[in-house]
Structure formats: C-alpha cells, structure tokens
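Engineer: Just passing along the structure, written as structure tokens.
Numbering (this note's numbering), first residue to last: 3 to 138.
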C-alpha cells in the first residue's frame, strides 16, 4: 500500500508540473496583451504554490503522526534494530523540520523549486523508512 501511495504522489507531482508547463506554454503563445498574460501567469503561479503547500503540509502531518505512532514500538526492538529505528526517527524529524521550513518559505514566497522538490523527496523517503519499521 505504501508503494502505491508513493507512486500516486509521484504521478500527482509529475501531473502538476506537466500541467503548469502546458499552461504556461498556452499562455505565452495565446494572443493576449502583456498585462493579461502576466496576470494569468501570476494566477497560475499562486495555484502551483498552493498545491505545493498542500503537499508539503500533508507530508509534514503524516510524518508527525507516524513519528508519534512509532515511539511506542521502541520497547519491543532489540539493540541493533533500536539504533536503526532511532536513526530513522532522527532522519524523519530532520525531513519534517526541512518540510516545515520550506513550507514557511513557500508561504512567504521565498522558496525556489529545487528546495521544494528536495524537501518533498526527503520527507517522503523518511515516511517510507518509518513505515517499514511500523510493518516490521
């Protein structure tokens, strides 16, 4: 189920990017005034920003829930597994903090695309790693 969810997110992000590129191509080739074109671009940029915020917020919230759920499982883990688990939790918290930081930057209009993509990938990887411990 986690792999299907991960693939679904990848597809959604790809569709979002493809849609934005297609939209911008259409706007830039449409016979509109410069002012109208700029307004359309600003409007679409806001839509993309809002979508990215929603994705980051969802991943952030999921990581928070998973971290809370997994804390109770450490008692049952043996020493090596406990070390691996603790490392996974640290990475998840780091990814959660980065996602939160980028989310704040996106809301403030300060984030660039590589930061956003990297934060989403790290948060999703941290979620995947923690889900592996939950199932094990």
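We put the beta carbon where it would ideally sit given N, CA and C, even for glycine. Keep in mind that this is a model prediction, so the values were computed, not measured.
In angstroms, rounded to a whole number, what distance separates the CA positions of residue 125 and residue 39?
Structural biologist: Going by the C-alpha atoms only, they are around 35 Å apart.
Engineer: Relative to the C-alpha of residue 94, which candidate in 63, 118 and 27 has its C-alpha closest?
Structural biologist: Closest by alpha carbon: 63.
Engineer: I'd like to check one pair, residue 53 with residue 18: are the Cβ atoms closer than 8 Å?
Structural biologist: Contact: yes.
Engineer: Could you check how far apart the C-beta atoms of residue 122 and residue 23 are, in whole angstroms? I think they sit under 8 Å.
Structural biologist: No, residue 122 and residue 23 are not in contact; Cβ-Cβ is about 18 Å, not under 8 Å.
Engineer: By the 10 Å Cβ neighbour count, where 16 or more other Cβ atoms means buried, how is residue 58 classified, buried or exposed?
Structural biologist: Classification of residue 58: buried, given that the 10 Å Cβ count is 16 or more.
Engineer: Specify the secondary structure class of residue 35 as computed by DSSP and reduced to three states.
Structural biologist: Reduced to three states, the DSSP call for residue 35 is coil.
Engineer: What's the gap between the Cα of residue 108 and the Cα of residue 55?
Structural biologist: Cα-Cα distance, rounded: 7 Å.
Engineer: Beta-carbon within less than 8 Å of residue 101's beta-carbon, same chain only, minus the 5 sequence neighbours each way: which residues are those?
Structural biologist: Cβ neighbours of residue 101 beyond the five flanking positions: 58, 61, 62, 65, 121, 122, 124 and 125.
Engineer: How many Å lie between residue 12 and residue 119 at the Cα?
Structural biologist: Those two C-alpha atoms are separated by around 11 Å.
Engineer: Just to confirm my understanding: we take residue 97, look at its own chain, exclude 5 residues before and 5 after, and list those with CB closer than 6 Å. What are they?
Structural biologist: Cβ neighbours of residue 97 beyond the five flanking positions: 124, 125 and 128.
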